[in-house]
Each structure stands twice: as structure tokens, then as C-alpha cells.
Amino acid sequence: MRPDLNSAQRDAVETSRGPLLVLAGAGTGKTRVVTFRIARLIAQGTRPDRILAVTFTNKAAKEMQQRVGALLKIRKELRPHISTFHSLCVQVLRRHIHHLGYPAKFAIYSQGDQQQVARQVLQEAKIANTALRPADLLFLISQWKSRSVTPAQAGSMASTDREHLAAVAYRRYQAALQAVGGVDFDDLLLCTEKLFANHPACRREEAGRFDHILVDEYQDTNGSQYRIVRALAAGHRNLCVVGDDDQSIYGWRGAEVRHILQFRDDWPEAKIVRLEENYRSTGAILELANRLIAYNKTRYGKVLRAGRPGGERPRILQFPDETTESEQIVADIRLVLQRPGIEPRDIAILFRTNEQPRPFETELRRAKLPYLLIGGMSFFDRKEVRDLMAYLRLLDAPQDEMAFLRVCNTPARGITPAATNRLRAAAAASGVPWSEVLPKAQEVKGVSAAAAEAIRQFLALLERYRQQTTTTPWASLMTQFLEEIGYRSELVRLYPEPEQLQSRWGVVEQLVNALAEHQRNRPRGSLGDFVDAMALSERDLEEDKDQQLRRNAIAMMTLHSAKGLEFPHVYMVGMEEGLLPPRRSLNAGEQHIEEERRLCYVGLTRAQERLTLSMSLSRMKWGKPRESHPSRFLFELLGQAERAPSHTPQPSQALPTKAPQRPGGPPGPKSSAGRPTRRGR
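The sequence shown begins at -16 in the numbering used here and counts up by one.
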């Protein structure tokens, strides 16, 4: 075993049998442990393809694959199976989804497709846009699905008029998806869970593929993911889960921290290993982080120890208002950037809500400092990507109704909305799939001869290229296809400005490049594999975030977006009661406060060298200044919980209570620094 593992890491790596929980605190080298553990299992004789490692993002899966590949130096086809939960479920469902009444060539619906279906079912149910918008319906459906709530159950769980309307539309939405053989992103988990529950032979077949299962970020699992993991590991019980209950911050999207907290209840013989040596942050930063998170009652007891003791004490800065806060924080950043060796990419500004960055953007522009706001338009949201993916979906699965409707007249070829509406109505009236009606368009009443002929030619075009997908390189085939349909000419018509046209056509080139790279890396794969991979990547915001962070610019992002990242200099702004924790959490009970405290802890532990926390004593609300109060978390991390805005539980373990020294604030007559105060108290 490599000598550069610490004793706890070595213990986790060398425990090769039975259930194992690795509590990996922030910056403690969990990915290193997972990859070394996989390498050791193989060295001990486990076949690589009998090992399954599951994580949450494509970025994390790729990093793990690269590290394992570098350690093992074996061919790709012999490496362990490392994927995201959703990617794993796609592979399972491609083999077995027919048991649930879906076609093997089911379509994974994009967010744009979902919007279209949502709009359609709301219209059919005569639900006004003022009562329930398509985006709101999809949000509620995703919330239900992340908690494994079926359409039949949603009605009884609804508590507001809007939720009752959404429950009605949910039934129609799900029926519309299944009618055309489509699933959305959440269905990938739900269908797999249902398959394992109702078809034991399928579950046994899938579980029998692996002898060891490793799950990363286990604290982020929702109910479906938890039950899928249990179903796969129940036989051999060689389950290793890695995570940190103190970094469980996704409760709003279905993640349940109790899964990691109750691991030993589920697996009584489980061993627990704690990774507490932090290699990221200085001791001064970790002192505050440890003190804060100790106020959570529901957690494993652990304390991060700094690999680098000492360091600059974090600062807490108070400002009279949010304008001064942004001015002085940016002024401080300008001074920091004058230090030798410090680049804009070394600095992050973190905030709780998407409304907070506006004044900071204004000041950064005024100071002519490069910045990027993480979470802008995704590559997959662009019209050109959606168009090309729709064409690729049709080449792979001709029955894909949503893909057909998106591009049947892009560029214009005479297939009018009136004609497609007639065809959809005819398919619904006859009770047959849409794909069976299309070739008979000339027989459908109300479809003009010109439209029917345009449909015939379009179907013939798709079939001609479909036959070439197994013999011609996909990138060449797509380039030829785009030329034949005149897609660039369509972009020229829509975007006559040269710069805009170049940008749009550059997106097309990126997708063709991705097509070529995929085929080069997986020469035995099918076009459907690429379509699946892109559908899964659409929801993986880490990919876009990673691309953005390659720029040499100051990063501005929410605390949720910052998870998994690290920066030498971190500014956590807006540390006020009502912002962090937000007002809705204050009224939702201690469980929600604890999750917000974990979110604050995640922010603190992003900082490597220097941490600054700031707040405003007043903030504009509807055009008027309103008094603000320091966040309870500021009092807690200073060891002054008795002065916090409301009762705070005592720490779960004894921690030092010495408050950090607070140097003077950044230059400017309106800045102030020191202990948080409670105005009007």
C-alpha cells in the first residue's frame, strides 16, 4: 500500500469485505480513498468488471475513471464500471424496461421536451397559466418524483390549490410521456426502483453483475437511489459508501441525510472510518468551521484537523448597506490582486440567493475586474444544440414524437403546425402510436397534399441517413446531413450579424466534435449511446461549471454551486438572518435550520488561505431600506450563540470558543469590522 495515505485512509482502503461507511470530511481526500480502494480490490483478485462505483455527476465519474486508469494502467474495456446513478439506470432500463410497458428505444426527454408536454397537458386540463405555469408544474412533479410519489399519491399529498391542480396535471403528464415511450430525468430512477421492486428476476440479474459496490457522496442520495443501492448490494453486502453528513445540502431536491446517519441501522455489521485530516484549509479557517457545525444536533461527531496549522484569521465585516458592502469587498479584492502570484481565478464570492450578485457585478465592472457568474446559460439550452440533438434522436429512434415536432420544419420544409396537429389528433383517435400515422399522412383528413409530400420526403431523408449510422463516421455523417438540409443557411437567415452567426455555428461545431470524440472513445457503441450520454449531461451542471471555471476570472456563485470547489480567497457575503438562513427556513423547523448551517459550513470550507464574511446592517426591500440583523451562524462560529437572534442548541461536543481576531475592514470610510451587533435590541 502506498505510504502517502494517512492511517484513516489506509484503514478505509484495506477494509475489503462487508459494509463500510467512510465519513469523509471536507478536503480529506475521499476521491483518493475510493480510487486506491478499487485498485486494492483488483490487486487482491477481484475482476475489474465486477466492481461498480456510483457517483452523482459526470465530472466526478470521469475524474474517478481517470485516477483509476492511471493507477491500474489497464485497457478501458477492462476497467471497473464507474458511472453516475442516472447513467447506471439507463443501462439497466435499456435491458429491462419492456417489463414496465416501455419500448427498449425509450426517449429521454430534455427539459425543453418536458416544457412542451407540460404546456400541452395544462391546456388540455384547461388550467390557466395564471393558476399554474408549465415551469411550476415541472418543479412540483420533480419534487414528487424525487420522493417517489406517484401520480395516484400526489392528489392526497397536495395541500394547496396549486398543488391540487398540479396533481391533476401530473397524471396527464405521466400518461403523455408513456404514450410516446418517453421518460424524463427523474423517471430513470423511479423506473429502475419499480423494476427492482416488481420484477425480482431483473433485480437478481443486475445485482449479480457485481461483487463490490462503492457509492460516493452518499449523503446526497434520495429515496429511489437509496433503495436501488440496497437492492444491488443486499446479496454480497460488500457495500462501501463515502460521504459527509455535514455537507448534506440538497434536501430541497429529495436528498435525505438520514440515509448516511442510519447506515449502521441498515447494515448492522458495518464498519465506520472517519477521515478528519483536512488538506485544503488552514487551521484558522477550520477552527471556525468546526465550531459552527457542532451546533447541529443530528450528525456524527467529528472534528476536522488541519494539515496546515495556523494561517490568517478569518474576518467578519459589517457595512451600513449592500451597496457599501459590494464597493468595499471589490476594493479589497483589488488590493488582493496586487499581491504577487494571485490571479482572479483564485478568488470566489459566495452568496445564498441568486438575487444577491447584482451590486457586486456592478462594482466589478466599474473596477474593470474579470468575473464570471456561475450558472449562466447551459450549452444544452442553446437552440442549435436542441435542434441537432432532436435530429440525432430521430436517426436513432424514428418514433420520437417530441424530436420530430421540434425539427420537422427546421429549416422550413412545408410541414406546418396545422398538419402535425391533425396527425397527432388522428393518432390519439385511433389509439395507435404517432410513428404509425406519419407514413400515412396523405390519408389523414385536413392534411394538405403538399404537407403530406413534405412529410414523406423528410421521413425518406431520415431513413437514408439512419442506414448509414453503422457504416459512416458520425461526425462526417452529421456534417453532410447539416449541409443537405441547409442548416447553416437557416442560421444566416436568423442571425445576419457575423459575430452572432459565428457564435451559433461554433456551437454546432462543438456538438459535431463531441460526436467524433464519443465514437473515438467508444468505437463499439451505438448512436443511441451518444444520445443517452448527451441527455444525461444536459442535467449535469458540473460540466458547464467546470468549463466556466477554466477562465481566469473571479468566480461568483451560490453556496450550493460552490460544493466540491476550493479557492485560496473566499468572500461569503450577505451573512444576515433572513438570507442565511433564509426566511422560509426560519419558519420551517430545526431540520431546515440544520441544513442551512451545513450549507454555511460548506461555504467556510471552500476557503484555502483567506476567508472573509460580510453583512449589511440594512438592505433594500421594494425600494426602501430595511434593517438587517446578523445571521445566527455568525454568533455561533464566534462562540456567542447566546446572543444569536433565536434560541440555538448547545454544541454537540466541546470546541474552543476563542473568537477569531478581526483586522480592520477594507479601505473606505463606510466600512466597519468587528463582532456582529444586534441593532435595535
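Each residue gets a CB set at the ideal place from its N, CA and C atoms; glycine is no exception. From a predicted model like this one, the values you see are computed outputs, not experimental measurements.
Pairwise C-alpha distance: residue j and residue i
i, j, result
"Pro134", "Ile255", "39 Å"
"Arg298", "Val286", "22 Å"
"Ala(-5)", "Val225", "10 Å"
"Tyr470", "Leu494", "14 Å"
"Thr265", "Leu258", "17 Å"
"Tyr278", "Glu619", "8 Å"
"Tyr201", "Arg449", "41 Å"
"His69", "Pro416", "27 Å"
"Ser(-10)", "Gly508", "42 Å"
"Val313", "Ala437", "58 Å"
"Ala214", "Trp250", "13 Å"
"Leu498", "Phe513", "7 Å"
"Thr453", "Gly511", "11 Å"
"Gly657", "Met540", "With a pLDDT of 38 at Gly657, under the threshold of 50, the predicted position of this residue should be treated as unreliable, and no value is reported."
"Asp227", "Leu406", "53 Å"
"Arg247", "Ala253", "6 Å"
"Ser131", "Val104", "21 Å"
"Glu326", "Asp304", "28 Å"
"Ala289", "Gly12", "13 Å"
"Ala401", "Pro551", "58 Å"
"Leu55", "Asp379", "35 Å"
Assigned secondary structure, residue i (DSSP; H/G/I helix, E/B strand, else coil)
i, result
"Arg(-7)", "helix"
"Arg220", "coil"
"Val240", "coil"
"Phe89", "coil"
"Thr18", "helix"
"Pro565", "strand"
"Val163", "coil"
"Lys607", "strand"
"Ile196", "strand"
"Ile124", "helix"
"Ser(-1)", "coil"
"Thr306", "helix"
"Arg507", "coil"
Residue interval of the alpha helix (DSSP H) (run including residue i)
i, result
"Glu521", "Leu510 to Glu521"
"Phe464", "Trp457 to Ile468"
"His64", "That residue, His64, is in no alpha helix (DSSP H); its beta strand (DSSP E) goes His64 to Thr67."
"Thr5", "Contrary to the premise, residue 5 reads as Val rather than Thr in this sequence. No alpha helix (DSSP H) contains Val5, which is instead part of the beta strand (DSSP E) from Leu3 to Ala7."
"Glu260", "Premise fails: Glu260 lies in the beta strand (DSSP E), Glu260 to Thr265, not in any alpha helix (DSSP H)."
"Ile438", "Ala432 to Arg449"
"Leu532", "No alpha helix (DSSP H) contains Leu532, which DSSP labels as neither H nor E."
"Leu406", "Pro400 to Ser413"
"His543", "Leu542 to Ala545"
"Thr38", "Segment Ile34 to Thr38 is the beta strand (DSSP E) holding Thr38; no alpha helix (DSSP H) there."
"Phe168", "Phe168 to Asn181"
Contacts around residue i, its chain only, beta-carbon distance under 6 Å, and the 5 residues preceding and following it disregarded
i, result
"Ile670", "As displayed, the chain neither begins before -16 nor continues past 664, which places residue 670 out of reach and without an answer."
"Gln339", "Gly557"
"Arg614", "In the sequence as presented, Arg is not what sits at residue 614; that position holds Ser. Once the five neighbours on either side are set aside, the close Cβ partners of Ser614 are Met558, Glu559, Glu560 and Leu563."
"Thr204", "His242"
"Asp167", "Tyr92 and Gln97"
"Gly667", "This structure does not reach residue 667, given that the chain is present from -16 up to 664, and the question cannot be answered."
Bridge partner(s) assigned by DSSP for residue i
i, result
"Glu559", "Pro613"
"Phe550", "Ala590"
"Tyr354", "Ile537"
"Arg78", "Partner(s): none; Arg78 has no beta bridge."
"Leu388", "Looking at the DSSP assignment, Leu388 forms no beta bridge with any residue, so it has no partner."
"Val225", "Val5"
"Arg288", "Glu260"
"Lys254", "Leu3"
"Arg602", "Arg609"
"Leu596", "Ile299 and Met555"
Residue range of the unbroken beta strand (DSSP E) whose run includes residue i
i, result
"Leu300", "Arg298 to Phe302"
"Ile332", "Ile330 to Phe334"
Cβ neighbours of residue i in the same chain (closer than 7 Å, five flanking residues each side left out)
i, result
"Arg487", "Glu367, Leu474 and Tyr478"
"Ala272", "Leu287, Tyr584, Leu587 and Thr588"
"Glu308", "Phe302, Val556, Ser597 and Ser599"
"Arg0", "Asn221"
"Pro117", "Gln98, Ala101, Arg102 and Leu105"
9 Å Cβ cutoff, residue i in contact with chain D
i, result
"Val5", "Annotation note: the requested chain D is absent from the structure, which comprises a single protein chain."
Close Cβ partners of residue i (< 8 Å) along its chain, the five nearest in sequence each way excluded
i, result
"Gly586", "Leu333, Leu542, Ala545, Val553 and Met555"
"Arg317", "Ala350 and Leu352"
"Leu178", "Val75, Leu76, His79, Ile80, His82, Leu83, Cys185 and Arg186"
"Thr345", "Ser309"
"Leu421", "Phe387, Leu406, Ile438 and Leu442"
"Gly191", "Gly218"
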